[in-house]
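Trainee: Numbering (this note's numbering), first residue to last: -3 to 319.
The beta-carbon is built from N, C-alpha and C at its ideal position, and this holds for glycine as well.
Note that the coordinates shown come from a computational prediction; the quantities given were computed from them, not determined experimentally.
Structure incoming, see below.
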Ligand SMILES: Nc1ncnc2c1ncn2[C@@H]1O[C@H](COP(=O)(O)OP(=O)(O)O)[C@@H](O)[C@H]1O
Ligand SMILES: [Mg+2]
């Protein structure tokens, strides 16, 4: 039986219980308006459903945060403030937040725009991306981050499963959630798998506070992975990954037998400098560098084509005949 064959109710316990649905019975609405349709996925920081908003008659994504988070009112308020700041930013690369609400039993949930498409994690499961696409997606994430940072919001959990790609446009998901986890002392390191710690900056791995440059590191890791096909710092346990993040140099970038252009390698290494002071000073600066490289590469390529074309020994029908 697939997820679509289930109706779902939010219980008072810490779990979301799927219950078999009979088509005759009306579905229970969350907060009086959201009909849960199917589960999209669950991570360490909640479970996401595709839902229909009956009030505005549109699809939305609902993210239910773990129930134990609802007890710390000051942390919830800070989370709400941050989500409000982020939702006030209208940017094509930031997921649109419609609302933050709570179920009758106090479970906090976020109502977001529902995006069709796939996450970068799903895309990368089919292998690395070509360089142009990787640089384009990274520049889009950098643009979204720059806007979030302008509002004083640090994401803290940039990773492929938090980047949704819909018609070639990246949407950054899940801002503010990692901070709530930190405040609940459910550190990401303590509650997640080796896969997730792989994107943490050295300062985060050492338990220090995050700033803009922490997000820049994570984006550097994502860019490396898009090009090479795996993250730069790997290990068989979270501790081994942390050790590599803090002490090992960035491994040489290769994609199959192709060598990565030196300029791209330089950008990635700057984003992945162990010292946050030596990274890009802002996401905007990183975005500018990525786009400048792309423009220069395009210009160089067009010049190469032009010069090749000019040397070709043929005439086109429109060429003037010189006698
Ligand atoms: N706004 C959204 N629209 C569509 N799908 C979403 C949206 N937000 C999250 N998802 C999906 O839900 C999945 C689970 O998200 P999440 O609980 O944050 O876990 P994680 O980020 O660890 O994968 C994501 O990987 C994505 O596929
Ligand atoms: Mg997520």
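(1) Tell me the rounded alpha-carbon separation between residue 74 and residue 82.
(2) Do you know how far the Cα of residue 208 is from the Cα of residue 185?
(3) Kindly indicate which three-state DSSP category residue 94 falls into: helix, strand or coil?
(4) In the structure shown, what three-state DSSP assignment does residue 68 receive?
(5) Please go through the segment 38 to 62 and give each complete alpha helix (DSSP H) segment of 4 or more residues, from N-terminal end onward.
(6) For residue 194, which of helix, strand or coil comes out of DSSP?
(7) So, at 8 Å on beta carbons, what are the nonlocal neighbours of residue 38 in its own chain, with the 5 sequence-adjacent residues on each side left out?
(8) Using 10 angstroms around the beta-carbon of residue 276, count the other beta-carbons present and answer buried if the total reaches 16, otherwise exposed.
(9) Please identify the residue among 195, 125 and 126 whose C-alpha is closest to the C-alpha of residue 237.
(10) In the structure shown, what three-state DSSP assignment does residue 279 receive?
(11) Where does residue 270 fall in DSSP's three states?
(12) Pop quiz: residue 80 and residue 51 are said to be a contact at Cβ under 8 Å. What is the actual Cβ separation, rounded to whole angstroms?
(13) With ligand 2 as the reference, list in chain order each residue whose Cβ lies under 6 Å from any of its heavy atoms.
(14) Applying the criterion that 16 or more other CB atoms from any shown protein chain within 10 Å of the CB defines a buried residue, is residue 215 buried or exposed?
(15) Under 6 Å Cβ to Cβ from residue 379, same chain only, skipping five residues before and after it: list those, please.
(16) Given a threshold of 16 other Cβ atoms within 10 Å of its Cβ, counted over all protein chains shown, does residue 135 qualify as buried or as exposed?
(17) Verify the contact flag: residue 335, CB atom, against every heavy atom of ligand 1, threshold strictly below 7 Å.
(18) Could you name the residues of the same chain whose beta carbon sits closer than 6 Å to that of residue 181, not counting the 5 residues immediately before and after it, in chain order?
(19) Report yes or no: do the segment 154 to 163 and the segment 95 to 115 share at least 3 C-beta pairs separated by less than 8 Å?
(20) Does the Cβ of residue 20 have 16 or more other Cβ atoms within 10 Å, making it buried, or fewer, making it exposed?
(21) Apply the 10 Å Cβ neighbour rule to residue 126 and answer buried if 16 or more other Cβ atoms are within range, or exposed otherwise.
(22) Is the closest heavy atom of ligand 1 to the C-beta of residue 44 under 7 Å?
(23) How many whole angstroms separate the CB atoms of residue 329 and residue 109, which I take to be in contact at a CB cut-off of 8 Å?
(24) Going by DSSP, which residues form a beta bridge with residue 31?
(25) Let's test the definition: count the other Cβ atoms within 10 Å of the Cβ of residue 335 and tell me whether it reaches 16, buried, or not, exposed.
(26) Helix, strand or coil for residue 147 per DSSP?
(27) Under a Cβ-count criterion, where at least 16 other Cβ atoms within 10 Å of its own Cβ denotes burial, should residue 140 be classed as buried or exposed?
Mentor: On the basis of the supplied data:
(1) 12 Å
(2) Low confidence applies here, because residue 185 scores a pLDDT of 44, under 50, leaving its location unreliable and the question unanswered by this model.
(3) strand
(4) coil
(5) none
(6) coil
(7) 44
(8) buried
(9) 195
(10) helix
(11) coil
(12) Their Cβ separation, rounded to whole angstroms, is 20 Å, which puts residue 80 and residue 51 out of contact at 8 Å.
(13) 39, 157, 158, 169 and 170
(14) buried
(15) Outside the displayed range of the chain (-3 to 319) lies residue 379, so it cannot be described from this structure.
(16) buried
(17) No answer is possible for residue 335: the residues shown for the chain start at -3 and end at 319.
(18) Residue placement at residue 181 cannot be trusted, given a pLDDT of 48 that sits under 50; what the coordinates show is reported in the next sentence. Once the five neighbours on either side are set aside, residue 181 has no close Cβ partner at all.
(19) yes
(20) Bear in mind that a pLDDT of 38 at residue 20, under 50, signals an unreliable position, so the model cannot answer this.
(21) exposed
(22) yes
(23) Residue 329 cannot be examined here, being either before or after the span of the chain that is shown, -3 to 319.
(24) 25 and 48
(25) Given a span of -3 to 319 for the chain in the structure shown, any question on residue 335 remains unanswerable.
(26) coil
(27) buried
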